[in-house]
Ligand code: HEM
């Protein structure tokens, strides 16, 4: 058994720009040099673009919290995801983005989380039943199925077994494997006329998903008009008005938002959950402690407030988000000339925030590559939680679903460990790669053994 859980191989020194671009096309991690785990800032200059990856906590604070308006989201992300996400809150900037958040945020406020809890519990119970026989299982598929179920129940009050929900889930799987994290011509800031090489498969899948989501939004609008709509997330957002302008989302705008809730809401949680299960298989003693914490719980009746009584499960989930942050990198664009450390950062440069490197930074974390859920109780861990831990980003653009994602992650992890012992399978160590989120090249295979 290795000492530390799996980490992707970095780019060796001496590989030139073309070599790095080629590696990037295969997998983003393979193009990143090892020094990013030690550097406070790293500059990449090419004839096409300048980018600055920053790991220094006060600079990250500046970009995300102090002056976020001077560092809007880069067009690279919009360019990559536009076919699926249109003008959704994930990709917009400025006034449009502010207005979208004013409509969306109230639906995710603390109290509302409780409303989503029964949907999370029901999806978890169904997953336990689906997996009841145990055996050698590819967990990335199962966790995606489970978290898609949570998001469908929360948004539209339908389970994953519903025909449309299944069709969206299947089309999304095609999309995610055919869509790189970033579109290379966009990343290189090539002119707009350079083709973006989106594969036909990715375009087809995006169109299909949007077609299905449009159907769901239209039928929901009819129920709202008739006064018979269920009180779920879709109804809340479709009937909410912007407190400043009184505007609501129209149909196509709502499809954009539903697309991002579906994508951000299930893909990230599925990635985190499958890596958490891998880590528990990797470290049996941690798994035993987690199993002891959840042993007496009846998950068929568990209530939202009981999550507070699962501090160790929470620490395991937090540690998973540190080692395998589902969103490994975020890109912003400098709106004016800046001076970072001893360097001039020109207007238009890309500023890259990398939870992946920050969370394993050798000058910030003790034993950065080790899986140690207890670190969150130490002074050093608490300090790092403030300075060097951004799995949900930070500042005004922080993930809208952060509270939702934490509650869901802790609940589902607890439920799965309550019902199954999880074991690694020899010769099937996962290899982290960056697709839309951090995934494993050939899936995460684990052995599930029913406990009772
Ligand atoms: C473990 C689970 C999750 C993780 C790690 C995660 C992580 C993130 C991160 C890092 C961002 C910022 C991306 C950027 O700035 O480029 C983000 C944004 C976002 N997330 Fe999440 N997320 C999770 C779950 C969810 C859930 C459950 C939802 C909704 C149901 C959601 C909805 C969103 C939305 C709408 C945004 C865009 C916010 C904006 O740009 O204003 N996420 N998420």
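Numbering (the numbering used here), first residue to last: 1 to 452.
We treat Cβ as the ideally placed atom computed from N, Cα and C, and that holds for glycine.
Here the structure is a predicted model, which is why all the values come from computation and not from measurement.
Residue 344 - containing beta strand (DSSP E), residue span:
Boundaries of the beta strand (DSSP E) harbouring residue 344: 343-345, taken from the DSSP string.
Contact the segment 409-420 vs the segment 264-280: 3+ CB pairs below 8 Å
The segment 409-420 vs the segment 264-280: in contact.
Rank 438, 452, 428 by C-alpha distance to the C-alpha of residue 445 and give the top, closest one.
Of 438, 452, 428, the residue nearest in Cα terms is 428.
According to DSSP, residues forming a beta bridge with residue 44:
For residue 44, which the question treats as bridged, DSSP gives the partners 51.
How is residue 383 classed by DSSP in three states: helix, strand or coil?
Under the three-state reduction of DSSP output, residue 383 falls in the helix class.
Same chain only: Cβ atoms within 8 Å of residue 193, ignoring 5 sequence neighbours per side:
Low confidence applies here, because residue 193 scores a pLDDT of 47, under 50, leaving its location unreliable and the question unanswered by this model.
With residue 339 as the anchor, note down where its beta strand (DSSP E) starts and where it stops.
It spans 338-340 - the beta strand (DSSP E) in which residue 339 sits, taken as one unbroken run.
What residue does the beta strand (DSSP E) around residue 311 start on, and which one ends it?
For residue 311, there is no enclosing beta strand (DSSP E); the enclosing alpha helix (DSSP H) covers residues 311-323.
Determine, using beta carbons only, whether residue 123 and residue 159 come nearer to each other than 9 Å.
Yes.
Which listed residue (93, 319, 264, 268) has its alpha carbon closest to that of residue 438:
Nearest in C-alpha terms to residue 438, of all of 93, 319, 264, 268, is 268.
Can you find the residues in the same chain that come closer than 6 Å, C-beta to C-beta, to residue 165, ignoring five residues on each side of it along the sequence?
Excluding sequence positions up to five before and after residue 165, its CB lies within less than 6 Å of the CB of 152, 158, all in the same chain and listed in chain order.
Contact the segment 356-367 vs the segment 306-325: 3+ CB pairs below 8 Å
Between the segment 356-367 and the segment 306-325 there are three or more inter-stretch CB-CB distances shorter than 8 Å, so the stretches are counted as touching.
Once you ignore the five residues that flank residue 377 on each side, which residues in its own chain have a CB closer than 8 Å to its CB?
Closer than 8 Å at the Cβ level, and outside the excluded window around residue 377, lie 315.
Whole alpha helix (DSSP H) elements within the segment 105-168, 4-residue minimum:
Counting only runs of 4 or more, we get 110-130, 139-156.
Is the segment 94-113 touching the segment 383-392, taking contact as three or more C-beta pairs under 8 Å?
The segment 94-113 is not in contact with the segment 383-392.
With a cut-off of 8 Å on the beta carbons, I'd call residue 74 and residue 333 a contact; round off their distance for me.
Rounded to the nearest angstrom, the Cβ distance from residue 74 to residue 333 is 4 Å, consistent with a contact under 8 Å.
Are there 16 or more other CB atoms within 10 angstroms of the CB of residue 293, so buried, or fewer, so exposed?
Buried is the label assigned to residue 293, since at least 16 other Cβ atoms lie within 10 Å of its Cβ.
Closest by C-alpha distance to residue 420, when choosing among 82, 132, 80, 319:
Of the listed residues, the one whose Cα sits closest to residue 420 is 132.
Secondary structure, beta strand (DSSP E): runs of 3+ residues fully inside the segment 366-431
Taken in chain order, the complete beta strand (DSSP E) segments of 3 residues or longer contained in the segment 366-431 are 420-424.
Can you tell me which of the three DSSP states residue 73 falls into?
Strand.
Residue from 241, 251, 68, 312 with nearest C-alpha to residue 336:
For residue 336, the nearest C-alpha among the options comes from 68.
Comparing alpha-carbon positions, which option in 105, 238, 248 lies nearest residue 401?
For the residues 105, 238, 248, the minimum Cα distance to residue 401 belongs to 105.
I want to know whether the segment 82-91 touches the segment 250-257 - three or more CB-CB distances under 8 Å.
Short answer: they touch.
Minimum length 4: unbroken alpha helix (DSSP H) runs contained in the segment 211-290:
Listed in chain order, the complete alpha helix (DSSP H) runs (minimum 4 residues) inside the segment 211-290 are 233-239, 251-262, 268-282.
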